[in-house]
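So that you can map any letter, position 160 of the sequence shown is 163 in the working numbering, and since no number is skipped, the others follow by simple counting. Positions of the beta carbon are idealized from the N, C-alpha and C atoms, including for glycine. Below: one structure, written as structure tokens.
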Amino acid sequence: MTGVNPFFGWDALSQVTMEPAMPADHPFILEMVTRHEGVASAAIAGYWLQKQPEAFVVFRSAQDKHMAFVTFLMLPTITDADAQADPACAVARSFTLQRGTPPQPDEPINYVRFWMGREQYQVAETQSLVAMRAGGGWISNPNMSWTLAATAVPQNWLEMFTQFNFDYTGEADFTVGNHQYGVFSHDWRVESVGAWGYRLERLQLGLQPGQRRETAVSPPSSPPLLTLSQPEFIEAVRQALRDYTRPDLLAQNPLMRSRLVAETAVSATSTLQKLLQEAADSLTGNPKDEKFFTAVYHTYLKPAPSQEIAAELLNLPLGTYRYRLAKGVERIADWLWQRELHDLNS
């Protein structure tokens with residue numbers, strides 16, 4: 004690990020000033036977007052200049068010449084108008100709703116939507132300026148849910164964003180005109196700004212994960228939460244049911260780092276077992292659902308030696324038994340997913 008310095012052109016920082024964009028700067032911004040990204044992107048930049056002009060920051064040289072700009076959107080919600088005007092927001096709204104807990108009204112989404120230099124498009128020197136602005140913005144907005152960062156050539160920035168613990172899944176990518184953009188993402192509810200700062204400090208010091216430094220900030224006391232998409236969450240529930248009687252295997256399940264488990268007083272396999280039992284119990288009390296519960300009970304909670312034997316215990320054809328088992332697992336996964344999203348009382 005060599006730290007973060009190789010990714011940036013830090014010399015640029017000593018040569019520029021940073022300030023909020025003023026109306027007189029808007030033509031420069033639109034001209035730059037048109038030159039580097041095209042007319043369609045410039046129209047989107049114009050939309051945001053009208054709706055959120057404070058999101059735009061310009062960088063000037065010592066001679067007061069425009070050098071670069073960045074758009075640092077803060078979105079308490081992504082409206083239908085935003086989604087219609089900007090394909091990036093249409094995809095971002097779907098992305099943030101599907102991955103883990105949806106953002107709450109007091110958890111704005113931060114989008115580093117446009118960033119570019121005047122002479123060169125997206126290069127290290129410009130990224131240095133963006134990092135200077137972004138770091139301060141993140142520290143002053145600790146309640147953010149997500150930061151998304153759009154890049155024209157994501158593979159050029161993959162190593163840097165990976166070290167910064169930003170993910171690239173391709174799920175938030177979007178297209179404007181003939182240009183495709185890759186989007187990196189970070190869920191601040193999984194790794195807070197403070198924990199992220201600790202990570203960055205260690206990178207700057209060139210420390211390996213196991214190394215210590217007396218003056219270093221103490222690491223977070225608990226492992227970060229894990230954000231799962233709904234399909235990933237459902238698969239984790241299925242695996243947890245299969246491992247219900249094996250605490251050693253349950254301890255490795257992704258659900259152990261879900262909000263449901265990690266935010267309880269005792270984050271242990273017994274907590275996950277209890278949640279699975281509660282979810283299964285939700286199928287009792289209604290004759291229409293009891294049949295699903297009994298299939299789950301004899302397969303996972305008090306498992307028979309095989310599914311064939313479980314079907315015999317229930318006096319069911321094997322096909323009927325497997326249908327009921329699948330429905331039971333589906334109901335259990337949905338019960339748990341709703342509580343992961345909304346923190347419902349059972």
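> Do you know whose CA, among 92, 78 and 95, lies nearest residue 109's CA?
Replying inline: 78
> Buried or exposed: where does residue 81 fall if 16 or more other Cβ atoms within 10 Å of its Cβ makes it buried?
Replying inline: Counting C-beta atoms within 10 angstroms of its own C-beta, residue 81 has 16 or more neighbours from the protein chains shown and is therefore classed as buried.
>> Buried or exposed, going by whether 16 or more other CB atoms sit within 10 Å of the CB of residue 25?
In response: exposed
> In this structure, does DSSP put residue 144 in helix, strand or coil?
Replying inline: coil
> When you compare only the Cα positions, how much space is there between residue 190 and residue 148?
Replying inline: A direct Cα-Cα distance of roughly 6 angstroms separates residue 190 from residue 148.
> Are the CB atoms of residue 258 and residue 105 nearer to each other than 8 angstroms?
Replying inline: no
>> Please classify residue 178 as buried or exposed, where buried requires at least 16 other C-beta atoms within 10 Å of its C-beta.
In response: exposed
> Can residue 321 and residue 329 be called in contact, C-beta distance under 8 angstroms?
Replying inline: no
> Does DSSP classify residue 183 as helix, strand or coil?
Replying inline: strand
> Looking at the structure shown, is residue 214 part of a helix, part of a strand, or coil, going by DSSP?
Replying inline: The predicted model places residue 214 with a pLDDT of 47, which falls under 50 and marks its position as unreliable, so this point remains unresolved.
> Between residue 50 and residue 235, what straight-line distance do the alpha-carbon atoms span, to the nearest angstrom?
Replying inline: 36 angstroms
> For residue 76, which of helix, strand or coil comes out of DSSP?
Replying inline: strand
> Grouping DSSP H, G and I as helix and E and B as strand, with all else coil, what is residue 81?
Replying inline: coil
> Among 188, 134 and 124, which one has its Cα closest to the Cα of residue 113?
Replying inline: 188
> Hey, out of 196, 171 and 278, whose CA is closest to residue 146's CA?
Replying inline: 196
> Should residue 172 be labelled buried (16 or more other beta-carbon atoms within 10 Å of its own) or exposed?
Replying inline: exposed
>> As a quick exercise: from 101, 19 and 85, pick the residue whose alpha carbon is nearest that of residue 63.
In response: If we check each option's Cα against that of residue 63, 19 comes out closest.
> Apart from the five residues on each side of it in sequence, which residues of its chain come closer than 8 angstroms, Cβ to Cβ, to residue 337?
Replying inline: none
> Nearest to residue 324 by alpha carbon, out of 302, 124 and 335?
Replying inline: 302
> Can you list, in chain order, the residues of its chain whose CB lies under 7 angstroms from that of residue 57, leaving out five sequence neighbours each side?
Replying inline: In chain order, 23 place their CB closer than 7 angstroms to the CB of residue 57, counting only its own chain and leaving out the 5 sequence neighbours on each side.
> If you drop the 5 nearest sequence neighbours on each side, which residues of the same chain put their C-beta closer than 8 angstroms to that of residue 261?
Replying inline: 228, 229, 231, 236, 239 and 343
>> So for residue 306, helix, strand or coil by DSSP?
In response: coil
> With a CB to CB cut of under 7 angstroms and the five nearest residues on each side skipped, what residues in its chain are close to residue 285?
Replying inline: 338
>> What does DSSP give as the partner residue(s) for residue 151 in the beta ladder?
In response: Residue pairing by DSSP puts residue 151 in a beta bridge opposite 114 and 188.
> When DSSP builds the beta bridges, which residues end up paired with residue 19?
Replying inline: 64
> How long is the line joining the alpha carbons of residue 117 and residue 241, rounded to whole angstroms?
Replying inline: Between residue 117 and residue 241, the C-alpha separation is close to 41 angstroms.
> Identify the residues that DSSP records as bridge partners of residue 232: which are they?
Replying inline: 102
>> Any heavy atom of the ligand ATP closer than 7 angstroms to the beta-carbon of residue 54?
In response: Annotation note on the ligand ATP: not contained in the displayed structure, which lists no ligands.
> So residue 29 is in the alpha helix (DSSP H); what residue range does that whole segment cover?
Replying inline: In the DSSP assignment, residue 29 falls within the unbroken alpha helix (DSSP H) covering 29–40.
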